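A.B. asks: What the sequence shown shows, in full-length UniProt numbering, is residues 1 to 335, in sequence order.
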Amino acid sequence: MFYNPWSKESSDFKDPETPPDSLPSDPFAQYIYHEELDISQYPSLARGKKPRRTIVVGDIHGHLQGFNDFLHQVRHDPAKDILVLAGDLVAKGPQTLAVIDRAIELNARCVRGNHDDKVIRWRGFLDSLSLQERNALDLQQGNLDDDEVHDEVHEDDDEEEEEDENADLDEDLRAKVPSDLHRNSEHYRIARAMTQSQYDYIRSCPLILTLPRALSVHHIPVHVVHAGIDPRRDILHQRPWVLFNVRNLLKDGTPSRKKKKGQGWARAFNRLHTKRSPKMQDFLVLYGHDAGRSLNVRTWSIGIDTGCVYGRKLTGYMVETGQLYSVDCTRNQRK
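So, in C-alpha cells, the structure goes:
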C-alpha cells in the first residue's frame, strides 16, 4: 500500500520542526513508508531457512560496472543471498536504466533515495498529464538510452540550489509541476525513459526496510534508510524528506541536507542512543547518501556511501557477520 504522509490518516508523522521544503506535498510520490524483510518472499530459499548472507550495498548511482564488480568480489549467489540496495540506484552515473534492470534480475530489495524520489515523482506527474500537456513539455514518444539521460556528475550537486527551469511553461501547466522538480534535469529524462517495469520497481522501494534481528550478528533489528534519521523521533515516525535527504542537524535539532552548519546526524544519534533509557530497544541504522563523509562506522549506525560514481569505491555490509566489502570504481565508466 502506498503511503501519503500528508493525509489526515498520517498526521502523527508530521513534524513542524523540520524545514518548510520537507513538505513537497504532491500526490505523485506514492511512498511506501516501512516494510519488514520477509524471507518467505524468496522462493529459492528453503522454507524457514535463513539466507546464506544478507548484503546491503551503498549508492550505485547508475554505475553498472561497479555494481557488477562488487557482486563478483563477494561471489553473490541470488539463490542463497539476499541483496538490499540503500537507495539512489539512479542518476549521476552512466547506466541508470541498466542498473534498475540488474536489480530486478537479482530480486534485490531497496529503499528510496533522494534521486530515486525525484524520478518517481516526475514519472507520476508525467503519467497524470493529458497528451496535449505532455507535448507541451516537449515529450517525445519512445524511450531514451542510458547515454541520453546521463548528466556530467559533480560531487556537491546534492547541496546546490536548483534554478527554476520551468519558467517558460504555460502558466497553468507550470502551476501543476511540483516546485522542486525541474524539466532540464536528469531526473526528468530518466522518468521519460523508464519502462513501466523499471518505474514499478523503484517506486516499490520503501523509505525504511527493517531486517529481522535473527539475521544480525548483534541480534538486533537493522533499519536500512537512504540518508539517515531525525534522532528526536522514533525510528518509525520519521519525516519522509528526512529519511532520504538529511546529512546534518542544526543547533536546534532541525534536519538539514547541507553540511555547512551543525553536526552530522549520525554523531548526534549515536550520542543520544548511547544515553537512551534501558527500556528503549537497540537497533542499527544502515544508510548511504553522504559520500562526502564516506565510510562512517559508529556503534549504532554505519554509512556506506563511499562515492562509487565519483571514481572511489562501492561498499557493502554483510548483516550476518558485520563485515564490510568494497571494490574500486572508475569515474563514469561505460562497459
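We put the CB at the ideal spot given by N, CA and C, even for glycine. Only a predicted model underlies this, so the values are computations on that prediction, with no experimental measurement involved.
Kindly list the residues whose CB is nearer than 7 Å to the CB of Ala266, restricted to its own chain and excluding five residues on each side of it in sequence; keep chain order.
C.D. replies: Against the sequence shown, residue 266 aligns to sequence position 266. Correct list, in chain order: Gly228, Asn296, Arg298, Ser301, Gly303.
A.B. asks: So if DSSP puts Pro255 in a beta bridge, which residue, or which two residues, is it bridged to?
C.D. replies: Translated into the one-based positions of the sequence shown, residue 255 becomes position 255. DSSP lists Leu249 as partners of Pro255.
A.B. asks: Evaluate Cys329 with the Cβ neighbour count: other Cβ atoms within 10 Å of its Cβ, from every protein chain shown; 16 or more gives buried, anything less gives exposed.
C.D. replies: Residue numbering aside, residue 329 sits at position 329 when the sequence shown is read from its first letter. So Cys329 ends up on the buried side.
A.B. asks: Short of 6 Å in beta carbon distance, which residues of its chain neighbour Lys50, apart from the five on each side in sequence? Order them along the chain.
C.D. replies: Start at 1 with the first residue of the sequence shown, and residue 50 comes out as number 50. So no residue of the chain qualifies.
A.B. asks: Would you check if the distance between the CB atom of Ile55 and the CB atom of His72 is smaller than 8 Å?
C.D. replies: Within the sequence shown, the letter at position 55 stands for residue 55. Within the sequence shown, the letter at position 72 stands for residue 72. In this structure, the beta-carbon distance from Ile55 to His72 does not fall below 8 Å.
A.B. asks: Touch check for the stretch 58–69 and the stretch 86–94: three-plus C-beta pairs under 8 Å?
C.D. replies: yes
A.B. asks: Counting along the chain, where does the beta strand (DSSP E) carrying Gly303 start and finish?
C.D. replies: For the purposes of this step, residue 303 is identified with residue 303 of the sequence shown, where counting begins at 1. First-last of the beta strand (DSSP E) with Gly303: 301–303.
A.B. asks: When you compare only the Cα positions, how much space is there between Ile82 and Pro94?
C.D. replies: The residue labelled residue 82 in the question sits at position 82 within the sequence shown. The residue labelled residue 94 in the question sits at position 94 within the sequence shown. Using only the alpha carbons, I get a separation of about 25 Å.
A.B. asks: Within this structure, are the beta carbons of Leu250 and Lys261 separated by less than 8 Å?
C.D. replies: On the sequence shown, residue 250 is found 250 positions in, with the first residue counted as 1. On the sequence shown, residue 261 is found 261 positions in, with the first residue counted as 1. Result yes, Cβ atoms of Leu250 and Lys261 sit closer than 8 Å.
A.B. asks: With DSSP as the reference, label Arg320 as helix, strand or coil.
C.D. replies: As a working note, residue 320 is residue 320 in the sequence shown. This sequence places Glu at residue 320; Arg is not what is there. The answer is coil: DSSP assigns Glu320 none of H, G, I, E or B.
A.B. asks: Within the same chain, show all residues whose beta-carbon is closer than 8 Å to that of Ala214, passing over the 5 residues directly before and after it, in chain order.
C.D. replies: In the sequence shown, residue 214 corresponds to position 214, counting from 1. Correct list, in chain order: Lys50.
A.B. asks: Can you pull the DSSP bridge partners for Cys110?
C.D. replies: Taking the sequence shown and counting its residues from 1, the one referred to as residue 110 is at position 110. Answer is Leu85, bridged to Cys110.
A.B. asks: Can you grab the Cα-Cα spacing for the pair Val224 / Leu181, in whole Å?
C.D. replies: Here residue 224 corresponds to residue number 224 of the sequence shown, with the count starting at 1. Here residue 181 corresponds to residue number 181 of the sequence shown, with the count starting at 1. Distance between the alpha carbons of Val224 and Leu181 is about 26 Å.
A.B. asks: Considering only DSSP beta bridges, list what His218 is partnered with.
C.D. replies: Counting from 1 along the sequence shown, the entry for residue 218 is found at position 218. Per DSSP, none; premise fails for His218.
A.B. asks: Leaving aside the five residues before and after Cys308 along the sequence, list all residues of the same chain whose C-beta is less than 6 Å from its C-beta, in chain order.
C.D. replies: Indexing the sequence shown from 1 puts residue 308 at position 308. Taken in chain order, the residues that qualify are His63, Gly66, Leu314, Cys329.
A.B. asks: Considering Cα atoms alone, identify which of Leu37, Trp122, Val57 is closest to Thr306.
C.D. replies: Numbered from its first residue, the sequence shown carries residue 306 at position 306. Minimum Cα distance to Thr306 is reached at Val57.
A.B. asks: If we ignore side chains and look at the alpha-carbon of each, how far apart do Phe28 and Lys118 end up?
C.D. replies: Start at 1 with the first residue of the sequence shown, and residue 28 comes out as number 28. Start at 1 with the first residue of the sequence shown, and residue 118 comes out as number 118. One C-alpha to the other measures close to 10 Å.
A.B. asks: Should Pro221 go down as buried or exposed, given a rule of 16 or more other Cβ atoms within 10 Å for buried?
C.D. replies: By 1-based counting over the sequence shown, the position of residue 221 is 221. The residue in question, Pro221, is buried, as its Cβ has 16 or more Cβ neighbours within 10 Å.
A.B. asks: Can Ala266 be considered in contact with the ligand FMN, in the sense that its beta carbon sits closer than 7 Å to one or more heavy atoms?
C.D. replies: Within the structure as shown, the ligand FMN is missing, as the structure has no ligands at all.
A.B. asks: Counting C-beta neighbours from all protein chains within 10 Å, is the total for residue 404 16 or more, i.e. buried, or is it exposed?
C.D. replies: This structure gives no information on residue 404, because the portion of the chain shown stretches from 1 to 335.
A.B. asks: Please classify Gln132: is it buried, with 16 or more other beta-carbons within 10 angstroms of its beta-carbon, or exposed?
C.D. replies: Counting from one through the sequence shown, the residue named residue 132 turns up at place 132. So Gln132 counts as exposed.
A.B. asks: Using DSSP bridges, identify the partner residues of Gln263.
C.D. replies: Here the question's residue 263 lines up with position 263 in the sequence shown. Beta-bridge pairing links Gln263 to Leu249.
A.B. asks: Looking at C-alpha atoms only, which residue of Phe283, Ala291, Met318 is the closest neighbour of Gly311?
C.D. replies: Locating residue 311 in the sequence shown gives position 311, counting from the first residue. Here the closest residue by C-alpha is Ala291.
A.B. asks: Hey, how far is the Cα of Trp122 from the Cα of Ser204?
C.D. replies: Residue mapping note: residue 122 aligns to position 122 of the sequence shown, counting from 1. Residue mapping note: residue 204 aligns to position 204 of the sequence shown, counting from 1. Computed Cα separation, rounded: 15 Å.
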